[in-house]
Amino acid sequence: MATLLIDGKWVAASGGQTIDVINPCDAKVFTTIDRGTAADIDLAVKAAQRAMDGAWGNLTATERGRILVKAGELILKNGEEIAQIEARDTGKPLSVARADVVAVARYFEYYGGAADKHHGEQIPYLNGYNVQVVRVPHGVAALIIPWNYPAQMFGRTVAPALAAGNACVLKPSEDACMSGLKLAELLVEAGLPAGALNLVTGYGYEAGAALTSHPDINYASFTGSPEVGAMVQESTAKHSVACTLELGGKSPQIVFNDADLDKAIPIIVKAITQNAGQTCSAGSRLLIQEDIYDKVVARVAEAFKKVRVGTPEMDFDCGPIVNKKQFERVNSFIDDAIKSGVPLLARATVADGVSKEGYFVAPALFGAVPRDHRLACKEVFGPVLSAMPFKDEEDAVQLANATEYGLVSGIWTENGGRQQRLAKRMQSGQVFINCYGAGGGVELPFGGMKRSGHGREKGFVALEEFSTLKTIVQHHG
Ligand code: NAD
Numbered sequence: 001m002a003t004l005l006i007d008g009k010w011v012a013a014s015g016g017q018t019i020d021v022i023n024p025c026d027a028k029v030f031t032t033i034d035r036g037t038a039a040d041i042d043l044a045v046k047a048a049q050r051a052m053d054g055a056w057g058n059l060t061a062t063e064r065g066r067i068l069v070k071a072g073e074l075i076l077k078n079g080e081e082i083a084q085i086e087a088r089d090t091g092k093p094l095s096v097a098r099a100d101v102v103a104v105a106r107y108f109e110y111y112g113g114a115a116d117k118h119h120g121e122q123i124p125y126l127n128g129y130n131v132q133v134v135r136v137p138h139g140v141a142a143l144i145i146p147w148n149y150p151a152q153m154f155g156r157t158v159a160p161a162l163a164a165g166n167a168c169v170l171k172p173s174e175d176a177c178m179s180g181l182k183l184a185e186l187l188v189e190a191g192l193p194a195g196a197l198n199l200v201t202g203y204g205y206e207a208g209a210a211l212t213s214h215p216d217i218n219y220a221s222f223t224g225s226p227e228v229g230a231m232v233q234e235s236t237a238k239h240s241v242a243c244t245l246e247l248g249g250k251s252p253q254i255v256f257n258d259a260d261l262d263k264a265i266p267i268i269v270k271a272i273t274q275n276a277g278q279t280c281s282a283g284s285r286l287l288i289q290e291d292i293y294d295k296v297v298a299r300v301a302e303a304f305k306k307v308r309v310g311t312p313e314m315d316f317d318c319g320p321i322v323n324k325k326q327f328e329r330v331n332s333f334i335d336d337a338i339k340s341g342v343p344l345l346a347r348a349t350v351a352d353g354v355s356k357e358g359y360f361v362a363p364a365l366f367g368a369v370p371r372d373h374r375l376a377c378k379e380v381f382g383p384v385l386s387a388m389p390f391k392d393e394e395d396a397v398q399l400a401n402a403t404e405y406g407l408v409s410g411i412w413t414e415n416g417g418r419q420q421r422l423a424k425r426m427q428s429g430q431v432f433i434n435c436y437g438a439g440g441g442v443e444l445p446f447g448g449m450k451r452s453g454h455g456r457e458k459g460f461v462a463l464e465e466f467s468t469l470k471t472i473v474q475h476h477g
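The opening residue of the sequence shown carries number 1 in the working numbering; numbering runs sequentially from there.
Following this line, the structure appears as structure tokens:
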């Protein structure tokens with residue numbers, strides 16, 4: 001099956017080449033996708049422009065919203081099929097893939113309902129004037145998404161971009177895009193006019209770079225690594241095109257000596273093992289007040305040992321790492337830490353019976369990681385938790401903010417004043433108090449500070465990002 005959706009039709013890449021799609025559970029090729037290039041991106045951008053000037057651009061916000069709501073219904077109806085596709089492509093446990101599909105549907109329900117509730121205002125001005133400030137779409141939106149939550153990322157970007165009235169060109173990750181193909185098919189079935197959503201599979205350095213440097217895009221939304229994010233910002237800046245960057249994180253979970261540990265520990269463990277740690281908002285640093293440090297790491301180590309890693313069908317806590325490159329990268333962090341003498345406090349178990357060729361990594365807990373160690377500062381993007389002691393509230397703040405990232409923070413304390421003081425000082429786009437929502441919450445504005453990026457996705461604010469203002473001044477005398 002052709003994997004490029006351009007102008008409402010599924011077509012093969014113009015260059016005729018394909019990319020192998022590999023199952024991370026056994027490293028075997030299970031299908032291929034088309035290798036879209038600059039020529040295909042150009043066709044997709046032109047199709048999107050025509051859609052803006054035609055059937056799509058002429059729809060009312062209510063009509064756009066209805067299509068999205070219908071898409072949400074179709075996603076739920078086809079939920080099992082999408083979950084199976086997602087689990088096979090990424091290796092994640094089936095029950096997690098099923099939950100992801102419900103979240104995708106929620107994006108379409110939420111933004112479908114919001115499409116006609118996002119509007120402008122009238123400004124009182126001089127006598128004889130009528131001034132309207134209206135919300136308008138940017139035009140052609142370039143969407144580049146990664147492989148860790150491919151279906152959810154599809155919903156997170158495509159749903160608000162369409163709700164705001166943009167026509168989209170989506171470049172999913174070459175490492176996991178199969179669920180996106182099915183989701184695009186369902187949007188067409190829901191009645192989306194041709195060209196409103198175009199999808200080009202291909203390599204990032206090829207199709208992705210061609211898209212973000214295309215002179216006719218009007219907005220770009222990128223989710224991925226800080227390195228590529230910087231390149232995207234540079235290429236969009238050449239055409240004065242605004243972009244949203246959702247990059248990585250090194251998020252702290254801060255545990256004070258008055259914390260409710262029974263509540264905190266299972267959530268802390270899940271926040272790093274969920275999706276095998278391949279979550280930008282994973283709670284990858286565990287900062288513990290020094291007088292309870294030993295007690296907490298002992299309990300977290302116990303919980304870590306019970307975490308099980310397996311195939312989607314085994315449906316354990318987590319699956320494999322998505323590809324060979326990431327697998328080697330995650331292992332290099334673990335091996336370097338061990339070699340440099342950082343104590344390995346616990347390791348989870350990879351289930352018997354998984355393929356030896358698969359990219360399975362047993363989650364690892366390291367303790368008393370030196371503050372300047374690579375493991376304490378750099379994003380692993382895998383199931384590796386770094387525990388570190390802190391002295392008091394001020395020390396906790398300094399340590400929590402000591403990385404270049406600023407995506408999410410978790411605070412565990414029963415002291416209300418401290419909860420508020422810390423929430424105010426955390427340099428992160430989200431702060432969770434006595435809870436943690438790695439990746440969760442369609443309704444909650446999400447995005448980074450510092451090197452975690454800029455702009456916000458999710459919630460109503462995503463509609464603001466995906467639109468701009470037009471001021472209309474009428475002199476009626
Ligand atoms: P990546 O940056 O290599 O790839 C992300 C996407 O960008 C893919 O679709 C890829 O094809 C594309 N791409 C690659 N090179 C490109 C280029 N030159 N021009 C345009 N597009 C290009 O990252 P990855 O390996 O897919 O994902 C892992 C990283 O992404 C981690 O650092 C992680 O923290 C981050 N991430 C962040 C979030 C978030 O919401 N903040 C979510 C998921 C992943």
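Even glycine gets a Cβ: it sits at the ideal position worked out from N, Cα and C.
Since we're looking at a predicted model, the values are computed, not measured.
With a cut-off of 7 Å, the C-beta of Thr349 is classified as distant from ligand 1, since no heavy atom of the ligand falls inside that distance.
For Ser467, the enclosing beta strand (DSSP E) stretches over residues Ser467 to His475.
The region 222 to 242 makes no contact with the region 433 to 447, as fewer than three CB pairs between them are under 8 Å. Each residue's CA atom was taken as its position, placing Gly459 and Leu186 some 23 Å apart. The alpha-carbon separation between Pro172 and Ile145 amounts to approximately 5 Å. For Ile19, the Cβ stays outside the 7 Å cut-off from all heavy atoms of ligand 1.
In this structure, the beta-carbon distance from Val131 to Thr471 falls below 8 Å.
Annotation for Phe366: no alpha helix (DSSP H) segment contains it, though the beta strand (DSSP E) segment containing it runs Ala364 to Phe366. Exclusion of the five residues before and after Gly455 leaves Thr244, Gly447 and Glu465 as the residues of its chain whose Cβ lies within less than 6 Å of its Cβ.
As DSSP reads the structure, Trp412 sits in a beta bridge with Val255.
Judged by their CB atoms, Leu261 and Arg308 are not nearer to each other than the 8 Å cut-off.
Of all alpha-carbon atoms in Asn275, Ala368, Leu469 and Gly65, the one lying nearest the alpha-carbon of Leu344 is that of Ala368.
Just so you know, the alpha carbons of Thr273 and Gln326 end up roughly 15 Å apart. Minimum Cα-Cα distance from Gly8 among the listed residues Asp42, Thr31, Thr18 and Ala48 corresponds to Ala48. Out of Gly16, Asp26 and Ser14, the CA that lies nearest to the CA of Gly353 is found in Asp26. Distance from the Cα of Gly358 is smallest, within the candidate group Val350, Leu365 and Ala364, for Val350. Inter-residue distance for Gly410 and Gln253 is about 4 Å (C-alpha atoms, whole angstroms).
Residue state for Gln427 is assigned as coil, using DSSP reduced to three classes. In the structure shown, Gly459 adopts coil according to DSSP, grouped into three states. When distances are taken from the beta-carbon of Ile267 to the heavy atoms of ligand 1, even the shortest one reaches 7 Å or more. Counting only residues of its own chain and dropping the five nearest sequence neighbours on each side, Thr201 has a CB closer than 6 Å to the CB of Thr3, Ile33, Asp34, Gly36 and Cys177. DSSP, reduced to helix, strand and coil, places Thr60 outside both helices and strands of the structure shown, so it counts as coil.
If you look at Arg451, you'll find it isn't in any alpha helix (DSSP H); DSSP assigns it neither H nor E. In the structure shown, Cys243 adopts extended strand secondary structure according to DSSP, grouped into three states. For the pair Ala282 and Ala271, the CB atoms are nearer than the 8 Å cut-off. Assignment of Gln233 by DSSP, reduced to helix, strand and coil, places it in the helix class. Excluding the 5 residues flanking it on each side, Arg451 has same chain C-beta neighbours closer than 6 Å at Pro226, Glu404 and Tyr405, in chain order. In the displayed model, Pro266 falls within a helix according to three-state DSSP. Between Asp116 and Ala55, the CB-CB gap reaches or exceeds 8 Å. Taken atom to atom, the span from the alpha-carbon of Ala237 to that of Lys295 is near 50 Å. Per the C-alpha coordinates, the member of Lys391, Ala364, Ala402 and Asp392 positioned closest to Asp372 is Ala402.
Excluding five sequence positions before and after Pro24, the CB atoms of its chain that fall closer than 6 Å to its own CB belong to Gly91, Pro320, Val322 and Tyr359, given in chain order. Considering only Leu211, Pro363, Ile292 and Leu463, the residue with the shortest C-alpha distance to Ala303 is Pro363. By the beta-carbon neighbour count (other beta carbons within 10 angstroms, threshold 16), Lys424 is exposed.
One thing to note: Val158 has its Cβ no nearer than 8 Å to the Cβ of Asn198. Taking the C-beta atoms as reference points, Arg156 is found no nearer than 8 Å to Glu393.
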